[in-house]
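Sequence lines, in order, name chains A and B.
Here our numbering is used: the first sequence runs in plain steps of one and ends on residue 328.
Here our numbering is used: the second sequence runs in plain steps of one and ends on residue 677.
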Amino acid sequence: MQSKIKKLFSSKEGILLIIFILIFITMSLLSPNKFLSNYNIQSLAYQLPEFGILSLSMMLIIMTGGINLSLTFTATLSMIVGGLAMSSYFTATNMPFVSVVIGVFVMLAVSIVLGMFNGFIVSYIGVTPMIATLGAATLFEGISLNITKGGAISGFPLMFLNIGNSAIFGIPVPMIIFIVVLIFMRILLEKSKMGAAIIMIGCNPKVAEFSGIKVKKILFQTYMIAGFLAGMAGIIMASRYNSAKESYGSSYLLQSVAASVLGGTSISGGEGKVLGTLLATMILQIISSGLNIFGLNRYLTNVLMGFILILVLAINYIAEQLKKKK
Amino acid sequence: MNRLKKIKELPLLIVLIAISVFIAIVNPAFLSLENFLDLLKSNLVLAMMAMGMLFILLTGGIDVSVASIITAVNVILGQTLVHFTQNIFVVVLIACAAGILLGLMNGLLISMLKIPPIVATLGTMSMILGVVLYTTNGNWITGIPQNFIDFGRIILFPYILGDGRAIGIPIQVVFLIPVILLTWFVLKHTVMGRGIYAIGGNIDSAERMGFKTKKIILFVYSIEGLIIGLSAVAHTSIMRQVDPNAFLGFEMQVIAAVVLGGASTLGGYGSVFGTLIGVSLFSVINNGMILMRIPTFWQKIIVGFIIISSISVDMIQKKREEKQKVRVDVEEGGTYAV
């Protein structure tokens, strides 16, 4: 038991858990009426999943040694196309259930196709992920703008709103989706052959190639899965906001990189834990909502978030140096 | 060696010329002197910032905080001009100092604390932009003194058009040209430049070869800061006011332009000439889309498409060359030395 506790405290995830608990306690003590209120805990539970799923999608790509700058635009383009299909089918036929099924199906299908597009350019053509996805981001944003003409797609059936706003046995539906995604990611990265291959590619693609891994194929599939996850986040966002627009979730782009790296994912690839990313996402989420409750100016919240990101990495580095000295 | 290098930028140059010819056929106004000068004036800041980014990319780093740094310097510059001094030299010095300090902050985080560049600059971007937007509340700074506005309006080698308007080279080239020359000189003719390329190739071997890698990294981020400071002066003198939101998302444009010009985000590859072509390509495309009256919503699609396709073509070309090189290697018994 004692050794287990020691192990927990010395692991990256353990430290993150402690930081999370400390921040949670501090926030609760500073503002027990508001931070611990039913309303705030509820809204945290509804907000976390979309950010969490996007962070996991980003983490997956970072683990291969890449980065996905088109992440949020993948989510929004798929929700726009799917949303358009859903609302136009709904106005034409007035069948809510069928239109929701069509809408969700189109959103997921589009997100997979967009993921495949990125994957094709990165793996088969060999363009650096940052540039490939930067180009893709511009492209997806352009297509989205062309469809919406700068406005938002709306007119969804009421049933669709249940995905993002209702609860089953007291657990919010987005949270259930998030938990399923977490379990899926955990199996994919930490238990499956593909996960092992992703880690090897992230460490060194050439060595992976020589040890018999089909690097191109695995990379392509990884981008496809990452696109699919972005699509899931897109569905939750579209349902929560009751509309689809190209700028939704744009602040999550860099935050998801921050969450992955804070969670211990190496930016050069090959290293990362699902639990770490989850904890980091939770930390960032409670900080931003906590500061919001305290009425801190949102620009200063940005300053603080940037500062925390750098601080944690600096502490990591210093701790590592100290360990080496020992 | 030299011939090989020249060939490297040739495909891009051909793309640039082809696009220019296409635009000129659709709208001959593209080829007018006036349009050319307009192009120069509106993309000069991009060109300068691209030089700064080139330094960073060459070392294998990346800086996503450039847009926030130029915004911060612009605000400092604007406030100084409005409240403290109208002396242009003092203002330029203050802008440079502010740029260098902010760049140095990135450099210290990256070289001393070994924080990966993309994460470090992501953090500083969030911090700098947060402070700027908090202090300005997103409001524009207006009321720039007349002498600074007059300075920004100066044109060199004026030429009087038929309708009485004078056109000429914008004064802001006095910032652009030294920046280009400085970048070229440092990269081509100094030990520092060789160190920069060496770090981008492999930082560990550069260290073993005796390059002081920490110092070099501090240097590139500081010189980038200096260039951003000068860019801020050029920008404010063109715009005659400061908009804290003017550079939203600009960092991606800068990075894309440099990479289009042949620089690798993994470091070690890239040149001043290539970067200039990349910037020109970007500016010509943006300008051409306006001249061809392409609806704004289509413009992003086209830019995204061009980024992806031109880099893909470049990549396929490189792969083919590499295959040929290997063949030459085998056939000539490995005498092919690069």
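Glycine included, C-beta positions come from ideal geometry on N, C-alpha and C.
Asked	Found
In whole angstroms, give me the CA-to-CA distance for Y675/B and K664/B.	At Y675/B, the pLDDT of 43 sits below 50, so the modelled position is not reliable and the matter cannot be decided from this model.
If you draw a straight line from the alpha carbon of K151/A to that of A246/A, how long is it in whole angstroms?	12 Å
Taking buried to mean at least 16 other C-beta atoms within 10 Å of its own C-beta, is N35/A buried or exposed?	exposed
Assuming I401/B is part of the alpha helix (DSSP H), what are its boundary residues?	Per DSSP, I401/B belongs to no alpha helix (DSSP H) and is neither H nor E.
Would the beta-carbon of L281/A fall within 7 Å of that of L18/A?	yes
Let me know the secondary structure DSSP gives Y250/A once reduced to three states.	coil
Against chain A, does Y608/B count as a neighbour if the rule is that its beta carbon must be under 7 Å from one of theirs?	no
Could you give the residue range of the beta strand (DSSP E) that holds P509/B?	A505 to P509
Using a Cβ-Cβ cut-off of less than 7 Å, give me the residues of the region 276–298 of chain A that come near chain B, in sequence order.	none
How would you list, in chain order, the residues of chain A whose beta-carbon sits under 9 Å from the beta-carbon of V354/B?	Ordered by position in chain A, no residue passes the 9 Å Cβ test against V354/B, which lies about 15 Å from the chain.
Rounded C-beta distance between M81/A and V102/A? I'm assuming under 8 Å.	With a Cβ gap of about 13 Å, M81/A and V102/A do not count as contacting.
Taking 8 Å as the cut-off, does the region 277–292 of chain A touch the region 19–38 of chain A (at least 3 CB pairs, one atom from each stretch)?	yes
When you compare only the Cα positions, how much space is there between G438/B and S561/B?	8 Å
DSSP three-state call for I594/B: helix, strand or coil?	helix
Determine the closest residue to G501/B out of I641/B, L448/B and L372/B, with distance taken between C-alpha atoms.	L372/B
For the beta strand (DSSP E) holding I494/B, just list the boundary residues, first then last.	I494 to I499
Can you pull the DSSP bridge partners for V305/A?	Per DSSP, none; premise fails for V305/A.
L599/B and L615/B - do their beta-carbons sit closer together than 7 Å?	no
Are the beta-carbon atoms of W523/B and V611/B separated by less than 7 Å?	yes
Please classify A573/B: does DSSP put it in a helix, a strand, or coil?	helix
Between F428/B, K380/B, I647/B and H574/B, which has its C-alpha nearest M132/A's C-alpha?	I647/B
Using the Cα positions of P98/A and G117/A, report the straight-line distance between them to the nearest angstrom.	28 Å
Nearest-angstrom Cα distance between F496/B and I519/B?	21 Å
Tell me the DSSP secondary structure of A154/A in three-state form.	coil
Would you list, in chain order, the members of the region 458–489 of chain B that have their beta-carbon closer than 9 Å to a beta-carbon of chain A?	V458, A459, L461, G462, T463, M464, S465, M466, I467, L468, G469, V470, V471, L472, Y473, T474, N476 and G477
At a Cβ cut of 7 Å, what residues of the region 608–637 of chain B count as close to chain A, listed as they run along the chain?	F636 and W637
Quick one: is H574/B buried, meaning 16 or more other Cβ sit within 10 Å of its Cβ, or exposed?	buried
When the cut-off is 7 Å and only beta carbons count, does F158/A lie next to chain B?	no
If the cut-off is 8 Å on Cβ atoms, which residues from the region 647–662 of chain B count as contacting chain A, listed in chain order?	I647, I650, S651, M654, I655 and K658
Could you check the C-alpha separation between N42/A and E52/A for me, to the nearest Å?	17 Å
Tell me which same chain residues have a C-beta within less than 7 Å of the C-beta of A537/B, skipping the five on either side of it?	A545, M548 and F550
Pick from N626/B, I641/B, S651/B and I633/B: whose alpha carbon is nearest that of F375/B?	N626/B
Quick one: measure Cβ to Cβ for M29/A and G292/A, integer angstroms, because I've assumed they're closer than 8 Å.	4 Å
Could you check if L31/A is buried or exposed, using at least 16 other CB atoms within 10 Å of its CB as the buried criterion?	exposed
With distances taken Cα to Cα, identify the nearest neighbour of L46/A among L58/A, L306/A, S258/A and T283/A.	T283/A
With H, G and I counted as helix, E and B as strand and the rest as coil, what does DSSP make of V677/B?	For V677/B, the pLDDT reaches just 38, beneath the cut-off of 50, and the residue's location in the model is therefore unreliable, leaving the point undetermined.
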